[in-house]
Structures are given as structure tokens and as C-alpha cells.
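J.: The structure that follows is given in the form of C-alpha cells.
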Amino acid sequence: MEQQRRLDYLIHPATSALQGRIQVPGDKSISHRAVILGALAAGASECRGFLDSADTRATMAALRQMGVQMSLEGEHLCVNGVGLHGLSAPPAALDLGNSGTSARLLLGVLAGQRFSTTLCGDESLQRRPMRRVADPLNAMQAEVQITPDGALPARITGNRRLRAIRYELPVASAQLKSALLLAGLYAEGETVLTEPAPTRDHTERMLAHFGCPIARAGAQLRLSSRPLQANALQIPGDISSAAFLLVAASIVPGSDVLIEGVGLNPTRHAVLEILRLMGADLSIDNRVEASGEPRADLRVKYRPLQGITIPRALVPVAIDEFPAIMAAAAHARGETVLHGAAELRVKESDRIAALAAGLQNLGLRVATSPDGLRVQGGRPDAGVVHSYGDHRIAMAFAITALAATGPVTVQDCKNIDTSFPGFIRCIQQIGWEISDKAVRID
Ligand code: S3P
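Counted from 1, the sequence shown has number 313 at position 327 by the numbering used here; the numbering is strictly sequential.
What follows is the structure, given as C-alpha cells:
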């Protein structure tokens, strides 16, 4: 039997300033959409800056199982699109691993196919809420069956004629919005969606880039299906990955780091505003736009941070950055308060509980509520923390450890590869010494 191995990191506090110029891997959300829309377009799409990670490979594998040919060399992806109606029945269930984005977006696509499919995932993905997607798809006359707990595995029956709906999203979720827009490509009539709060709009931007513009008026989106046409794409660096480096340089005295080519989509860059409110020294340079997505270079220099109450309006548009922001809060003077973030409880882990447990293990005072947490900042101690198999929790604690009073062991870091392969290499490049050790568990 193959031995199960767990990867832990033993992180020593940084002994000198972080300095240099680096790039982070391509944006995960945009990379998923590039493979999916590239597959559904007519013709070959070339994509530069693609994120080669466990999550995006899950999306690629699922589409390959449905007959889409593609190649990936480094960050260069070529997809031979089969057109909206060109997918074929997969030989087996589609296993999306740890990736919520793959599962939810593909549910939308599969609802409109002529063939039936089964979707499943790893233990964490099979705990995540899917009823929010299945219910409106079924209201479009799809047939999506999930477990009585509202989770995967899902059975999607093919050959249904989808009808467009008008729908008010009950949660601010870009994955839900995107699933319904993708199903809308297969529906008769106009799909009209209203968002309770703005969420990342990469699907809308990329649909327009592939020839199917979405009309937006305030919180309302309208889609009338059109065939998608292949197009070249350039994907910016992932701001959610950059966030960890922004925090790292903010908390290690003397640091000065430039991160090149980071995606600055206005529905994603709230983390910059939050860190600035905390006193971070951030500047933006070389703004350009490529393939409908803005990008720029971010420079960050060390400056002491202070705790803040995070403005509620920024929560849905910084939802993936709270692990990094709480690492900043751990080193800030005073209290940082987060409310309105109940969605954090249903990410790759319960991020509110995971952050609270780890920061408490490092000696900080933390209180949780159903929709957020309060962190009394200071100087985290040495200790042992667990990531609960969640890539962003693992990276948040690794960064927290940088300015702790002693070494911190971060348990179960293997899943960092789901969004930020090369995380360790990246931080070593700016002068951080880190030692890793693989620890076997029975
Ligand atoms: C994503 C949307 C967000 C985010 C996730 C990626 C996307 O999830 O947390 O990491 O690519 O659409 P929700 O839409 O569920 O908030």
C-alpha cells in the first residue's frame, strides 16, 4: 500500500529583510475559466500565464474526459475548443479533487449537455455546499441530484431542454453566478441574474472576450447565448497569492518587495484597500490591460500595521484574502474585527475556526462569531498549527511565522500546490530561509 505522507513546514522567523522583484503564478479563477471557455469555443485558444496547479489540472482532466484536447507546457496552455455542443460523454465519474471552482462551474456546463455525468471530489469538496447551485439549475429544468446534505457526489441527467430564469442570488458567490451564466449558454431565452453584492466578474469579462457579451445594469446581469469564438488570452498573476507576499513584506522590518504583473480587477483588489487601512505601504505602477483584465506591479515596504474593523462592503470582494489579512492582523497593533464573512466557514476548511485555532496556539487572543472573528494583534509565539488541508490557511500561518518570536511548525502543507505551486521557492527568492521536512503519518 502506498504510504500516506504529510508535509509539514518548520518555519524560523526571518533574520533579515525581504527584498527583490518576483512574479506570482497565474490567477486561479481566471485559469479555470480559460480552460472551460476555451473548450466551449469554436477553434484553438492559446493562453499565456496559465496557472499549472492541482485545482486547474482537475478542470483540465474533466474536460479531457469529455473529449477536449489540450496541451500545457509551463504556463502556456493550448485548448482545441469543441464548440458549445461538442463535448462527449466521459467514460467515468468526473473527480474534481479539492476544487470548488471546478465543481460549481462544471455543474453549470454539465446541466446543458446531451449526456449524463457524475461529479465527485475529495473529502473537503464533498463537504461543501452545492444546493445553492443545484436548486437554480433545477429551476432551469436541469436535473441535478445531490446528496440529502446538499453536497457532492452529484448526478446530472443529460438531454434536458434548459429554460432561462430570472434569479436573485441568495449568496454573494462568483462560483454560483458563473455556474448559472454557463448553464445560460445552453438555455432558451434570456438569463437574468441579480447579485446581493458584487463578486469577481472574470466569467463576464471572459465571455465577452470570447464573443458573448453580458449586459450589466447595477446589480443585474443579462445573458443571451451566442456561440463562443476562440481567442488568445493572457492571464495576470494571482492577487490572492500576491496577498501573502504583501503581508510578509509588511511585517518583516526593512522589507521592500516588487511583485510584477498582478491582476488588479476591481472585483478582486479590495485586499489592497484593507491592507492600506491597516497602514501598509503599498504602491501600484505600470498599469496595463490584457484580454479584458487589468494588471500592474505592486511594491510593498515594511511599515508597522494597526488593527481595524474591516468594512463589510469589502468582504465579498476580498473573500479569499482573509487568511492573509488575519496574518497581518496577528502582527498589527490593536484589534482587527471581521464580520459578514460566514462564507469563510464553507471554504476548503472552516477558515474562521482554522485561523482562530492556529492564532490561539501562537498565543494570541482571538474570539470567533458565526460570521467572523476578532484578533488581538501582537507578537505571535513559537508553536504548532494545523492547516486542516487548506492551502490558504497553510500559507497564512507560514507568513505569520516570519515575524514570530520563535519557530512555528505548520502541519499539512501539501495542498499549497492547489493554488500557489512554488510558494516556498518564491519566498526564498526574496531572502527568506525556510526548512521543510516531510513527516510520515501512520
Ligand atoms: C471563486 C469564487 C469564490 C472564491 C473561490 C474562487 C471563483 O468562491 O472563494 O476561491 O473562481 O469564482 P465563491 O464564489 O463561493 O464565494
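The beta carbon of each residue, even a glycine, is placed where N, CA and C say it ideally should be.
Since GLN220 and SER277 are thought to touch, with beta carbons under 8 Å apart, how far apart are those beta carbons, to the nearest angstrom?
T.: 5 Å
J.: Return the CA-CA distance between GLY53 and VAL65, expressed in angstroms with no decimal places.
T.: 11 Å
J.: Shorter than 7 Å, the distance from the beta carbon of THR45 to the closest heavy atom of ligand 1, or not?
T.: no
J.: Is GLU329 near ligand 1, in the sense that its beta carbon is under 7 Å from a heavy atom of that ligand?
T.: yes
J.: Mind checking whether ASP271 and ASP283 have CB atoms under 8 Å apart?
T.: Yes. Within cutoff.
J.: At what residues does the beta strand (DSSP E) containing GLN112 begin and finish?
T.: First-last for GLN112: undefined, no H or E at that position.
J.: Hey, how far is the Cα of LEU138 from the Cα of SER85?
T.: Approximately 12 Å between the Cα atoms of the pair.
J.: Can you say whether SER335 is buried or exposed, counting buried as having 16 or more other CB atoms within 10 angstroms of its CB?
T.: Classification for SER335: buried.
J.: List the whole-angstrom C-beta distance separating VAL248 from ARG281, where the pair is believed to meet the contact cut-off of C-beta under 8 Å.
T.: About 6 Å separates the beta carbon of VAL248 from that of ARG281, a gap short enough to meet the 8 Å contact definition.
J.: Given 7 Å as the limit, tell me if ILE311 has its C-beta closer than that to any heavy atom belonging to ligand 1.
T.: No, Cβ of ILE311 sits at least 7 Å from all heavy atoms of ligand 1.
J.: Does the beta-carbon of HIS18, which I'm using as the reference point, lie nearer than 7 Å to any heavy atom of ligand 1?
T.: yes
J.: Could you have a look at ARG449 and say whether DSSP puts it in helix, strand or coil?
T.: With the chain running from -13 to 428 in the structure shown, residue 449 is simply not present.
J.: Which residues in the same chain have their Cβ closer than 6 Å to the Cβ of MET192, if we skip the five residues on either side of it in sequence?
T.: Excluding positions up to five away in sequence, the list reads ARG19 and LEU23.
J.: Taking C-beta to C-beta, are ALA169 and ALA140 nearer than 8 Å?
T.: Cβ distance not < 8 Å, so ALA169 and ALA140 don't count as in contact.
J.: In its own chain, which residues sit with a C-beta less than 7 Å from the C-beta of HIS318, not counting the 5 before and 5 after it?
T.: This sequence places Ala at residue 318; His is not what is there. For ALA318, where only same-chain residues beyond five positions count, the Cβ hits under 7 Å are MET264, LEU291, GLN292, GLY293 and GLY363.
J.: Quick check: what's the CA-CA separation for ILE(-3) versus SER17?
T.: 30 Å
J.: Taking the alpha helix (DSSP H) that GLU190 falls in, what are its first and last residues?
T.: 188 to 195
J.: For ASP306, which residues of its own chain have a beta-carbon under 7 Å away from its beta-carbon, when the five flanking residues on both sides are left out?
T.: Here the set comprises SER226 and ARG378.
J.: What are the complete alpha helix (DSSP H) segments, minimum 4 residues, inside the segment 214 to 263?
T.: 225 to 237 and 256 to 263
J.: What is the DSSP secondary structure of ALA387, counted as helix, strand or coil?
T.: helix
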